[in-house]
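Undergrad:
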Amino acid sequence: MIHKGTKTLQTDRLILRPFIKEDYKEVYENYGFDKEVHEYISWIPYDTLE
2 MIHKGTKTLQ
12 TDRLILRPFI
22 KEDYKEVYEN
32 YGFDKEVHEY
42 ISWIPYDTLE
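Following our numbering, the numbering of the sequence shown begins with 2 at its first residue and continues without gaps.
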């Protein structure tokens, strides 16, 4: 398999793209601090935005 990089996929309702540094606020606000979400993933919930 030859890696060709990450492609952006877009439909009428969705844009799927790689994370960028500026996404940090949305990551935190949507699931970064939610303990219920972290029941199913391997990292510890964030306590602060920093």
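The beta carbon of each residue, even a glycine, is placed where N, CA and C say it ideally should be. Since we're looking at a predicted model, the values are computed, not measured.
1) Given L50, which residues of its chain have a CB within under 6 Å of its CB, disregarding the five upstream and five downstream residues?
2) Using only the alpha-carbon positions, how far apart do K26 and E40 sit?
3) What residue does the alpha helix (DSSP H) around Y25 start on, and which one ends it?
TA: Here's the rundown:
1) Y29
2) 21 Å
3) 25–28
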